[in-house]
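Data first, discussion second: the structure below is written as structure tokens.
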Amino acid sequence: MEPIFFGKGIEYRKEFANYVEILSERLTEKRFFHSLSVAKEAYRLAEKYGADTKKAFLAGLLHDICKDDEPNLQLQLLNEFGIILDTVEKSARKLWHARAGAVYLKEKLCLTDDEIISAVRYHTTARAGMSLLEKILYLADFTSEDRDYSGVEDMRRAVDVSLEHAMREALIFTVVDLSEKRMPIHTDTLDAYREVVRVSS
Ligand code: DGI
Ligand code: FE
Ligand code: FE
Numbered sequence: 124m125e126p127i128f129f130g131k132g133i134e135y136r137k138e139f140a141n142y143v144e145i146l147s148e149r150l151t152e153k154r155f156f157h158s159l160s161v162a163k164e165a166y167r168l169a170e171k172y173g174a175d176t177k178k179a180f181l182a183g184l185l186h187d188i189c190k191d192d193e194p195n196l197q198l199q200l201l202n203e204f205g206i207i208l209d210t211v212e213k214s215a216r217k218l219w220h221a222r223a224g225a226v227y228l229k230e231k232l233c234l235t236d237d238e239i240i241s242a243v244r245y246h247t248t249a250r251a252g253m254s255l256l257e258k259i260l261y262l263a264d265f266t267s268e269d270r271d272y273s274g275v276e277d278m279r280r281a282v283d284v285s286l287e288h289a290m291r292e293a294l295i296f297t298v299v300d301l302s303e304k305r306m307p308i309h310t311d312t313l314d315a316y317r318e319v320v321r322v323s324s
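Start counting the sequence shown at 124; every next residue gets the next number (our numbering).
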């Protein structure tokens with residue numbers, strides 16, 4: 124099962140058939156559908172906000188490429204390429220797939236586009252000073268058609284208002300959600316939050 128693509132998304136789906144094939148082998152059916160849905164949404168947002176639609180599609184497609192790998196396999200990949208995890212990353216294995224994904228794309232799939240690799244790296248935590256492509260991937264992951272968490276409709280409305288507004292809402296949502304679950308929050312997430320949520324006088 125795949126989402127229905129529109130416009131140039133149809134061409135990109137064909138152009139990246141090799142990557143889609145790799146994903147279909149690496150991911151569960153649900154995660155595979157999610158990845159294609161994020162590609163579709165990232166393409167839509169790129170068109171709306173003037174980013175490179177092809178890069179956005181590809182970043183969406185590949186962003187969770189390591190998500191269904193065993194945690195130990197993800198760690199092994201990170202070790203193999205000399206990635207040192209910080210304290211929060213060590214304790215939160217959900218953060219590993221973003222770092223592993225970036226390494227996998229560069230080292231295993233020989234992807235050379237640093238903008239896409241960086242968007243994948245920061246798609247889970249966000250960070251301060253994000254590029255347009257990084258924001259688009261981060262938000263597409265929140266608003267893709269397969270998402271059904273409570274609050275998703277608000278986020279879909281926010282993303283059509285402006286990227287700035289949506290980033291603010293998404294980061295507030297994340298910080299509240301992680302705090303309620305008593306989870307450690309990564310420094311990059313807190314830096315991103317501080318950047319977009321400022322005291323108004
Ligand atoms: O991979 P997806 O499920 O599509 O989405 P994602 O890459 O945004 O991952 C979301 C998960 O990552 C969710 O379970 C919360 C977790 N997460 C995101 N930021 C942080 C975090 N976990 C911790 N402990 N700290 C964070 O800053
Ligand atoms: Fe992810
Ligand atoms: Fe995702």
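Glycine residues also receive a C-beta, built at the ideal position from the N, C-alpha and C atoms.
Source: prediction; values computed, not measured.
Assumed close pair residue i, residue j - CB separation to whole angstroms, cut-off 8 Å
i    : j    : result
S158 : L168 : With 8 Å as the limit, S158 and L168 do not qualify as a contact, their Cβ atoms being about 16 Å apart.
A223 : T248 : Actually they do not touch by this definition, with Cβ atoms about 14 Å apart.
Nonlocal neighbours in the same chain, by C-beta distance under 7 Å from residue i, ignoring five residues either side
i    : result
R291 : V319, V320
P307 : V211, S214, A215
F204 : V226, E230
Environment of residue i [buried if 16+ CB atoms lie within 10 Å]
i    : result
C189 : buried
F129 : exposed
V243 : buried
V284 : exposed
D264 : buried
E257 : buried
L218 : buried
Residue i beta carbon near ligand 3 (any heavy atom closer than 6 Å)
i    : result
D264 : yes
D300 : no
D187 : yes
Start-to-end residues for the alpha helix (DSSP H) that takes in residue i
i    : result
D187 : Counting along the chain, D187 falls outside any alpha helix (DSSP H), and DSSP gives it neither H nor E.
V322 : Where V322 is concerned, there is no enclosing alpha helix (DSSP H), given that its DSSP letter is neither H nor E.
S241 : 237-244
Any non-hydrogen atom of ligand 1 closer than 6 Å to residue i Cβ
i    : result
K190 : yes
I127 : no
P307 : yes
K217 : yes
T210 : no
Cβ shell of residue i (< 6 Å), same chain only, five flanking positions each side left out
i    : result
A162 : F180, G183, L184
A281 : H288, A289, E292
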